[in-house]
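One structure is given here, and the rest of the page talks about it.
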């Protein structure tokens with residue numbers, strides 16, 4: 001079980017490190033667009049749509065990395081008052097009752113969202129028609145990576161419960 005959790009952690013760590021520099025690309029495109037406005041007097045036809053899409057991709061794909069590093073907001077005021085065993089049990093219940101159904105919904109509805117966009121050949125409405133379905137596919141990929149990271153967290157919580165029982 002621990003090997004599975006470590007493999008999931010390694011996957012999301014590598015994916016996060018691969019995607020993180022995308023923010024630099026987004027920044028460069030924004031700087032380019034600002035320069036175009038300043039020097040030519042008009043923005044590029046594609047930069048706004050591309051930066052908006054890339055930022056969405058960056059945000060979604062970094063979510064599992066953030067979950068792996070506990071970077072998301074967590075209200076643990078009451079959780080800290082509990083024993084380690086009760087904390088692990090609460091974590092398992094929280095993920096199974098709230099998190100997994102939400103991610104399942106994100107996967108299924110995200111897939112339908114992507115499929116509809118792909119079948120219609122959906123594009124942006126700007127001067128340059130950029131395909132939208134790759135960005136919508138990212139919803140499904142991100143949900144899958146987040147679900148995997150949740151599995152790793154639940155595995156660790158189960159191990160914590162087992163350690164507390166044997167102690």
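Residue numbers (UniProt numbering): 1 to 167. Positions of the beta carbon are idealized from the N, C-alpha and C atoms, including for glycine.
| query | Which of helix, strand or coil does DSSP assign to residue 51? | reply | helix
| message | Could you pull the DSSP bridge partners for residue 131 from this structure? | response | 123
| Integer Cβ distance of residue 138 from residue 61, believed to fall under 8 angstroms | 6 angstroms
| query | Going by Cα to Cα distance, which pick from 17, 5, 52 and 42 is closest to residue 27? | reply | 52
| field | residue 155 and residue 1 closer than 9 angstroms at C-beta | value | yes
| query | Which residue from 115, 20 and 11 puts its Cα closest to that of residue 58? | reply | 20
| request: Just confirm the distance between the C-beta atoms of residue 76 and residue 127, as a whole number of angstroms; I'd bet it's less than 8 angstroms. | output: Not quite, the Cβ-Cβ distance comes to about 48 angstroms (not below 8 angstroms), so this is no contact.
| Any contact of the stretch 156-165 with the stretch 84-99, i.e. 3+ C-beta pairs under 8 angstroms? | yes
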